[in-house]
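The structure under discussion appears below in the form of structure tokens.
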Amino acid sequence: MNDQAAAVETDIPCDVQQVDDTGFVWAFLDEARDPARVTEGAIVISGDPGDPVLARVVSLTDRPGGTKVHLQVLPGDPQDYADALRRAHLLSA
Amino acid sequence: MRTDDLQPIEAHIRGDDPPPHSALVVRGGPLHTDNIAQHAARQAREFSYQSEPMYSVSVDVTSGAWTLERILSERLWSRSTFATGSVGALRKRGFLLLGTHSQPHFEVILGNGDLEAAATLLSTFGPDEANPFKRRRR
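Residue numbers (my numbering), protein chains in the order written: chain A, 79 to 171; chain B, 391 to 528.
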């Protein structure tokens with residue numbers, strides 16, 4: 079893991095192989111760094127610090143074990159999105 | 391939380407034939423015991439197996455159209471590394487594989503899901519390999 083990866087903080091971690099019948103990956107809301115940011119439709123950083131991914135929050139469902147968050151992993155590396163935003167001057171630095 | 395509140399995984403087990411011993415079990419990185427135990431604990435908060443919390447780890451298994459290359463490119467494209475083991479090797483170490491949800495997804499039942507169980511599972515895999523289908527390298 080390089081220095082950049084070590085500094086990465088996910089909004090909510092997930093295992094990209096851990097899917098259920100919906101076909102989406104999932105995690106529990108109480109695993110989120112700031113649960114208030116994890117709302118339906120929100121774009122979050124998920125995965126793990128070594129290989130983060132962008133994801134869209136599909137749904138939040140109350141389950142006996144906690145609030146289950148389904149996530150749609152978005153294609154491409156998060157850095158690709160940052161590069162595109164920078165090219166369009168939507169992101170500085 | 392009562393075990394009765396968990397979703398029985400039995401309702402989600404596919405009816406396809408068990409994979410042959412030679413099939414490859416594929417797990418994306420990071421391949422660390424603490425990550426494996428964390429994912430197993432998450433699964434046990436949601437699913438039960440044989441009326442007990444199910445500590446398990448998700449893996450993909452090669453079969454038919456699901457070749458290793460397809461799994462790496464379509465399902466594990468975000469992973470820098472991966473490792474493989476054979477179905478036979480996992481069974482030999484006493485691990486149970488359940489085909490759940492959609493192909494090529496399987497659960498590896500991990501006993502009580504502790505770090506020792508995670509380490510035993512990881513010891514059945516070969517070394518970490520670079521994923522040639524990782525979309526971008528940092």
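Beta carbons are placed, not taken as given, at the ideal position from N, Cα and C, and that holds for glycine.
Spatial neighbours of residue 109(A) within its chain, please: C-beta separation below 7 Å, excluding the five flanking residues on both sides. If you number the first sequence from 1, residue 109(A) lands on position 31. The answer, listed in chain order, is 90 and 91.
task: For residue 98(A), count neighbouring Cβ atoms within 10 angstroms of its own Cβ and tell me buried if that reaches 16, exposed if not.
output: The sequence position of residue 98(A) within the first sequence is 20, counting from 1. Residue 98(A) comes out buried.
**OP:** Return yes when the Cβ of residue 102(A) is within less than 9 Å of the Cβ of residue 138(A), no when it is not.
**Re:** Within the first sequence, residue 138(A) is the residue found at index 60, counting from 1. Within the first sequence, residue 102(A) is the residue found at index 24, counting from 1. Against a cut-off of 9 Å, the Cβ pair of residue 102(A) and residue 138(A) comes out as no contact.
Against chain A, with Cβ distances strictly below 9 Å, would residue 419(B) count as a contact?
For the purposes of this step, residue 419(B) is identified with residue 29 of the second sequence, where counting begins at 1. Chain A contact via Cβ: present.
* State buried or exposed for residue 406(B), treating a residue as buried only when at least 16 other CB atoms are found within 10 Å of its CB. => Sequence index remark: in the second sequence, residue 406(B) carries index 16 (1-based). Under this definition residue 406(B) is an exposed residue.
Which residues bound the alpha helix (DSSP H) around residue 403(B)?
-> Here residue 403(B) refers to the residue found at position 13 of the second sequence. Per DSSP, residue 403(B) belongs to no alpha helix (DSSP H) and is neither H nor E.
Review point. Apart from the five residues on each side of it in sequence, which residues of its chain come closer than 8 Å, Cβ to Cβ, to residue 436(B)?
Key: Indexing the second sequence from 1 puts residue 436(B) at position 46. Correct list, in chain order: 396 and 397.
Can you find the residues in the same chain that come closer than 6 Å, C-beta to C-beta, to residue 154(A), ignoring five residues on each side of it along the sequence?
As a position in the first sequence, residue 154(A) is number 76, starting the count at 1. None.
| message | Strictly below 7 Å CB to CB, what residues from chain B border residue 131(A)? | response | Counting from 1 along the first sequence, the entry for residue 131(A) is found at position 53. Here the neighbours are 468.
Query - Beta-carbon spacing of residue 510(B), residue 469(B) below 9 Å - result: Position 120 of the second sequence, counted from the start, is the residue given in the question as residue 510(B). Position 79 of the second sequence, counted from the start, is the residue given in the question as residue 469(B). Cβ atoms of residue 510(B) and residue 469(B): not closer than 9 Å.
Discussion item. Taking DSSP's pairing of strands, which residues face residue 456(B) in a bridge?
Written reply: Within the second sequence, numbered from 1, the residue matching residue 456(B) stands at position 66. The beta-bridge partner set that DSSP reports for residue 456(B) consists of 453(B).
Checklist line | Counted within 10 angstroms of its Cβ, other Cβ atoms place residue 162(A) as buried (16 or more) or exposed | finding: Here residue 162(A) is taken as the residue at index 84 of the first sequence, counted from 1. Classification for residue 162(A): exposed.
| Roughly how many angstroms separate the alpha carbons of residue 128(A) and residue 491(B), rounded to a whole number? | Within the first sequence, the letter at position 50 stands for residue 128(A). Within the second sequence, the letter at position 101 stands for residue 491(B). Rounded to whole angstroms, residue 128(A) to residue 491(B) spans 27 Å at the Cα level.
* Asked: Using DSSP with H/G/I as helix, E/B as strand and the rest coil, what is residue 499(B)?
  -> Position 109 of the second sequence, counted from the first residue, corresponds to residue 499(B). Here residue 499(B) carries a strand assignment [DSSP, helix/strand/coil].
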